[in-house]
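In this text, residue positions in the sequence shown follow full-length UniProt numbering: the first is 1, and each later residue adds one.
Ideal Cβ placement from N, Cα and C applies to all residues, glycine included.
Everything numeric in this text was worked out from a predicted model, so none of it was measured.
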Amino acid sequence: MGVRKKQMAERIKAEKQKVAFAKLNNCPTSPRKMRLVADLVRGEKVEKALAILRFNPKEASRKLEKLLLSALANWQAKNEDASLEDADLIVSEIRVDSGTMLKRLRPAPQGRAHRIRKRSNHVTLVLGSNNNIES
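In structure tokens:
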């Protein structure tokens, strides 16, 4: 491996050390409902985001809270020597994408049928340090 290639690989590895992510696939909630809750915590500090999710009455907030705790655990596994309080972590990115759709039929009047689309979504949550974003 060349010197420049090795330096670039080490730089990329150091940048990946600062961020952690977690994914939630095929969550049986519509993406629209999940985005309402995801917009509340985007860009917030982790402690504030956890408080927002804990006291939000929506069902999607319970799933996002669990996902945020998973991302925190992933960050701690990567950075065993660093403390969580000193890291100043924020929710740098949260994406809600549409997942698979279950198509069901509901009986309708006069022998017809209406299609019901049971939607699901994929959520990707990325944690980053606050000083990493500014520089």
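Review point. In terms of residues, what are the limits of the beta strand (DSSP E) holding R95?
Key: 89-98
Point to revise | DSSP state of E44 mapped onto helix, strand, coil | key: coil
Exercise for review: Hey, could you find the ends of the beta strand (DSSP E) N121 is sitting in?
Suggested key: 121-129
Review point. So what does K23 bridge to, in DSSP terms?
Key: T124
Exercise for review: Pair every Cβ in the stretch 112-132 with every Cβ in the stretch 86-104, then say whether three or more of these pairs are closer than 8 Å.
Suggested key: yes
**Study point:** Nearest-angstrom Cα separation, counted from M101 out to V37
**Key:** Going by the C-alpha atoms only, they are around 21 Å apart.
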